[in-house]
Amino acid sequence: MNAQVINSMPDAISKAPPEEMVHIATDQWTQPFWDAAKQHKLVGAKCGNCGKFRLPPSPMCPKCHSQKIDWVHLSGEGTIYTYTIITRAMSPAVEPYIPYVPAVITLEGGGGTRLVSNIVGARVGDIAIGGKVRVIWEDHKDGMTVPHFELVPG
Amino acid sequence: MTIKDKTAIVGIGATPYTKRGQSAPQTMEELIAKAVLKAVDDAGLKITDVDGFAYFAGGHDTSLLTEILGIPEIRFTATLTGAGGGSAGALGLAASAIVGGLAKTVVVVCGVQQAVLRYGTYSSSHPADPYSSFYLYSGLVSPGQAFALLARRHMHLYGTTREQFAEVAMSTRLNALSNPAALMKKPMSKEDYFNAPMISDPHCLFDFCLETDGAVAAVVTSSERAKDLKQKPAYILASTHGGDGNWGRSLYWFNMPDDLFTSSGHNTVAKQLYEMAGVGPKDIDVAQIYDHFTSQVIMQLEDYGFCKRGEGGPFVASGAIRHKGGSIPVNTDGGQLSCAYIWGMSHVKEAVEQIRGTAVNQVKDAELCLVTGGPSNIPMSGLILRR
Numbered sequence: 010m011n012a013q014v015i016n017s018m019p020d021a022i023s024k025a026p027p028e029e030m031v032h033i034a035t036d037q038w039t040q041p042f043w044d045a046a047k048q049h050k051l052v053g054a055k056c057g058n059c060g061k062f063r064l065p066p067s068p069m070c071p072k073c074h075s076q077k078i079d080w081v082h083l084s085g086e087g088t089i090y091t092y093t094i095i096t097r098a099m100s101p102a103v104e105p106y107i108p109y110v111p112a113v114i115t116l117e118g119g120g121g122t123r124l125v126s127n128i129v130g131a132r133v134g135d136i137a138i139g140g141k142v143r144v145i146w147e148d149h150k151d152g153m154t155v156p157h158f159e160l161v162p163g
Numbered sequence: 086m087t088i089k090d091k092t093a094i095v096g097i098g099a100t101p102y103t104k105r106g107q108s109a110p111q112t113m114e115e116l117i118a119k120a121v122l123k124a125v126d127d128a129g130l131k132i133t134d135v136d137g138f139a140y141f142a143g144g145h146d147t148s149l150l151t152e153i154l155g156i157p158e159i160r161f162t163a164t165l166t167g168a169g170g171g172s173a174g175a176l177g178l179a180a181s182a183i184v185g186g187l188a189k190t191v192v193v194v195c196g197v198q199q200a201v202l203r204y205g206t207y208s209s210s211h212p213a214d215p216y217s218s219f220y221l222y223s224g225l226v227s228p229g230q231a232f233a234l235l236a237r238r239h240m241h242l243y244g245t246t247r248e249q250f251a252e253v254a255m256s257t258r259l260n261a262l263s264n265p266a267a268l269m270k271k272p273m274s275k276e277d278y279f280n281a282p283m284i285s286d287p288h289c290l291f292d293f294c295l296e297t298d299g300a301v302a303a304v305v306t307s308s309e310r311a312k313d314l315k316q317k318p319a320y321i322l323a324s325t326h327g328g329d330g331n332w333g334r335s336l337y338w339f340n341m342p343d344d345l346f347t348s349s350g351h352n353t354v355a356k357q358l359y360e361m362a363g364v365g366p367k368d369i370d371v372a373q374i375y376d377h378f379t380s381q382v383i384m385q386l387e388d389y390g391f392c393k394r395g396e397g398g399p400f401v402a403s404g405a406i407r408h409k410g411g412s413i414p415v416n417t418d419g420g421q422l423s424c425a426y427i428w429g430m431s432h433v434k435e436a437v438e439q440i441r442g443t444a445v446n447q448v449k450d451a452e453l454c455l456v457t458g459g460p461s462n463i464p465m466s467g468l469i470l471r472r
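Chains A and B are the protein sequences, given in the same order.
Its first residue numbered 10, the first sequence is counted upward by one per residue in our numbering.
Its first residue numbered 86, the second sequence is counted upward by one per residue in our numbering.
Following this line, the structure appears as structure tokens:
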């Protein structure tokens with residue numbers, strides 16, 4: 010374990026990347042995840058046969074090849090597995106959204122699956138691997154909703 | 086039967102390396118054709134001898150190259166799937182075509198013009214699909230951002246530090262300073278490294294490779310025929326590609342098991358490579374390690390067994406990868422961090438020169454040189470050249 014990690018821009022508050030950057034494409038296997046997101050519900054894709062979770066949801070279970078999926082309502086709590094602090098915009102349009110913090114979140118009750126998302130509204134210096142987070146939702150003008158995560162105090 | 090030792094790289098050719106955009110008004114096909122002609126000339130062959138092409142990362146249009154170059158007949162044309170992970174493996178693809186009797190003289194070529202596509206935005210250069218939507222929405226538009234997530238986890242698990250990333254950047258820069266073909270001409274101190282702007286913490290500017298224009302080509306033929314050609318052959322001792330199923334899409338997936346997450350994804354490719362070659366890491370004299378990011382050089386050194394998993398940071402900090410005094414000199418031409426980024430092909434060129442004994446930063450009596458393809462989604466790839 011490395012206790013020496015110092016985050017860049019520690020006193021800044023982490024933002025969400027601009028929604029104009031976000032275009033969610035779906036197919037019949039991923040659509041239920043995004044439909045649930047519109048209802049502000051985080052769901053996991055659990056194999057209806059063997060119980061293995063997978064993310065993103067794909068056409069069949071890689072373990073037993075069953076195509077049955079149980080869409081499990083998750084608590085929305087999770088743990089930060091890793092993160093990066095975007096301190097430089099890749100294009101001028103992104104400049105006002107710096108810093109944003111893409112993070113990999115291990116989902117509670119998700120059978121070990123991890124979701125890539127963003128830590129938003131956090132003092133960047135307080136973000137650390139192992140930190141507890143909770144889902145919040147961002148509704149977009151195009152009708153889609155995406156999950157973000159906030160730090161759980163304490 | 087394997088491809089072990091049955092083929093050799095007999096010619097190598099490159100255009101001058103330039104910064105992004107500076108190869109204009111030359112076209113991509115023009116750069117590739119120039120590199121191919123140089124490589125064929127270097128081999129002492131004629132363009133009419135070429136009867137095959139092998140590529141990686143999307144490849145190029147063989148039909149157009151035959152038209153431009155005046156090649157009378159094509160008997161083999163194929164591309165490894167994936168991205169920069171296939172660079173070292175494309176040589177194996179060429180070798181398998183020759184060993185299988187499909188072609189006699191196969192050229193591996195790659196050209197890059199980053200005014201057209203900046204590889205820094207590669208992850209977001211295609212329209213979102215149902216799978217990529219799961220990471221693109223987080224604003225991960227660049228491989229350097231995605232690999233920062235792996236680097237951060239490696240730091241967390243093993244105590245790897247930015248000072249150790251800095252050593253990779255500085256060691257590679259030092260090699261570039263004595264290479265006239267290298268783009269970076271200024272020395273880099275630890276202070277310079279830490280003064281560089283942070284891009285995607287923990288990756289700063291100097292953890293990223295360069296944005297380059299150029300093309301590199303290599304000519305492969307049978308070992309038997311290689312003996313009678315102009316250059317000292319660089320025999321393809323082994324070449325493998327692929328990857329662990331649990332690594333899969335890796336930096337586009339992020340659901341790899343914990344031990345693989347903090348790796349370069351080269352574990353199975355390295356094992357197969359050493360098995361085919363009948364050698365181990367201790368036998369390798371010099372290594373060209375795909376350096377799109379400093380952190381991934383450290384993880385590849387672990388995957389190729391130069392040190393144990395998690396010990397790559399202290400290993401590089403000990404000076405092990407330096408050209409002068411290192412136990413395994415790495416990226417002796419200045420690598421992709423400081424010489425040029427041609428999607429892995431500059432590493433193949435440098436490996437051939439090390440085996441010929443003509444490299445600018447020659448490792449004395451180098452007999453075996455390792456080349457790796459870029460850690461990415463499957464395939465990763467490896468190549469061992471022998472004198």
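Glycine included, C-beta positions come from ideal geometry on N, C-alpha and C.
All values reported here derive from a predicted model rather than from experimental measurement.
Query                                                                                                                                                                                           : Result
With a threshold of 7 Å between beta-carbons, can Ile94 of chain A be considered close to chain B, or not?                                                                                      : yes
Taking the alpha-carbon positions, what's the Gly395 of chain B to Ala168 of chain B distance?                                                                                                  : 26 Å
For a cutoff of 7 Å on Cβ pairs, would you count Ser23 of chain A as touching chain B?                                                                                                          : no
Under a three-way DSSP split, which group does Pro228 of chain B fall into?                                                                                                                     : helix
Closest Cβ-Cβ distance between Gly421 of chain B and chain A: below 7 Å?                                                                                                                        : At residue 421 of chain B the sequence reads Gln, which differs from the Gly that was named. So no, Gln421 of chain B is outside the interface.
Using a Cβ-Cβ cutoff of 8 Å, what residues of the stretch 28 to 41 of chain A are near chain B? List them in chain order.                                                                       : Met30, Val31, His32, Ile33, Ala34, Thr35, Asp36, Trp38, Thr39
Considering only C-alpha positions, which residue in the set A:Val144, A:His49, A:Pro68, A:Met18 is nearest to Glu117 of chain A?                                                               : A:Val144
Within its chain, find whatever has a CB closer than 8 Å to the CB of Ala25 of chain A; leave out the 5 residues flanking it on each side and keep chain order.                                 : Tyr106, Tyr109, Asn127, Val129, Glu147, His157
For Leu259 of chain B, which option in B:Leu455, B:Gly419, B:Met465 has the closest C-alpha, if you only look at C-alpha atoms?                                                                 : B:Gly419
Tyr207 of chain B versus chain A: which residues are under 9 Å apart at the beta carbon?                                                                                                        : Chain A residues near Tyr207 of chain B: none, gap ~11 Å exceeds 9 Å.
Might you give, ordered along the chain, the residues of its own chain that have their beta carbon closer than 6 Å to the beta carbon of Thr190 of chain B, omitting 5 neighbours on each side? : Asp134, Val135, Asp136, Thr306
Drop a sphere of 10 angstroms on the beta-carbon of Met86 of chain B, count the other beta-carbons inside from all chains shown, and report buried for 16 or more, exposed for fewer.           : exposed
Report yes if the C-beta distance between Val125 of chain B and Val304 of chain B is below 7 Å; otherwise report no.                                                                            : yes
What residues from the stretch 264 to 283 of chain B come within 8 Å of chain A, judged by C-beta to C-beta, listed N to C?                                                                     : Pro282, Met283
Ends of the beta strand (DSSP E) at Met30 of chain A?                                                                                                                                           : No beta strand (DSSP E) contains Met30 of chain A, which DSSP labels as neither H nor E.
One question on the structure: do Lys61 of chain A and Lys72 of chain A come within less than 7 Å of each other, judged by their Cβ atoms?                                                      : yes
Name the residue from B:Ser210, B:Pro287, B:Asn280, B:Lys270 whose alpha carbon lies nearest to the alpha carbon of Pro111 of chain A.                                                          : B:Pro287
Going along chain A, which residues have a C-beta under 7 Å from Ala106 of chain B?                                                                                                             : The residue you asked about is not Ala; residue 106 of chain B is Gly in the sequence shown. Those do not exist, as Gly106 of chain B stays about 17 Å from chain A at its closest Cβ, beyond 7 Å.
Excluding the 5 residues flanking Ala12 of chain A on each side, which residues of the same chain have their C-beta closer than 8 Å to its C-beta?                                              : Its pLDDT being 47, under 50, Ala12 of chain A is placed unreliably by the model, and nothing is read from it.
For Gly299 of chain B, does the three-state DSSP call read helix, strand or coil?                                                                                                               : strand
DSSP three-state call for Met10 of chain A: helix, strand or coil?                                                                                                                              : Residue placement at Met10 of chain A is flagged as unreliable, the pLDDT there being 43, under the threshold of 50; a coordinate-derived value is accordingly withheld.
For Val437 of chain B and Leu322 of chain B, I'd like the C-alpha separation in whole angstroms.                                                                                                : 12 Å
Could you check whether the Cβ of Thr164 of chain B sits closer than 7 Å to any Cβ belonging to chain A?                                                                                        : no
Residues in the same chain with beta-carbon distance under 7 Å from Phe57 of chain A, minus the five sequence neighbours each way, listed in chain order, please.                               : The amino acid at residue 57 of chain A is misidentified as Phe; the sequence shows Gly. Closer than 7 Å at the Cβ level, and outside the excluded window around Gly57 of chain A, lie Ser75, Lys77, Ile78, Asp79.
Just list the beta strand (DSSP E) runs in the stretch 89 to 133 of chain B, keeping only unbroken ones of 3 residues or longer that don't cross its boundaries, in chain order.                : 92 to 99
For Thr166 of chain B, which three-state DSSP category applies?                                                                                                                                 : coil
Decide if the stretch 336 to 347 of chain B is in contact with the stretch 235 to 242 of chain B; the criterion is three or more beta carbon pairs, one per stretch, under 8 Å apart.           : yes
Given that Asn16 of chain A touches chain B, what residues does it touch there, using C-beta distances under 8 Å?                                                                               : Asp286
Kindly indicate the opening and closing residues of the beta strand (DSSP E) around Phe391 of chain B.                                                                                          : No beta strand (DSSP E) contains Phe391 of chain B, which DSSP labels as neither H nor E.
For the candidate residues B:Ser263, B:Pro265, B:Asn280, B:Phe232, whose alpha-carbon lies nearest to that of Glu248 of chain B?                                                                : B:Asn280
May I have a chain-ordered list of the beta strand (DSSP E) segments no shorter than 3 residues that lie completely inside the stretch 48 to 77 of chain A?                                     : 52 to 56
Cβ atoms of Ala355 of chain B and Tyr389 of chain B: under 7 Å apart, would you say?                                                                                                            : yes
Tell me which residues of the stretch 112 to 126 of chain A have at least one Cβ-Cβ distance to chain B shorter than 9 Å, keeping chain order.                                                  : Ala112, Val113, Gly121, Thr122, Arg123, Leu124, Val125, Ser126
Comparing the C-beta of Pro215 of chain B with each C-beta of chain A, is any distance below 7 Å?                                                                                               : yes
Give the residues from the stretch 76 to 93 of chain A that approach chain B closer than 9 Å (Cβ to any Cβ), ordered along the chain.                                                           : Tyr90, Thr91, Tyr92, Thr93
Closer than 6 Å by C-beta to Leu468 of chain B: which residues in its own chain qualify, once you throw out the five before and the five after it? Chain order, please.                         : Ala173, Leu176, Ser324, Val456
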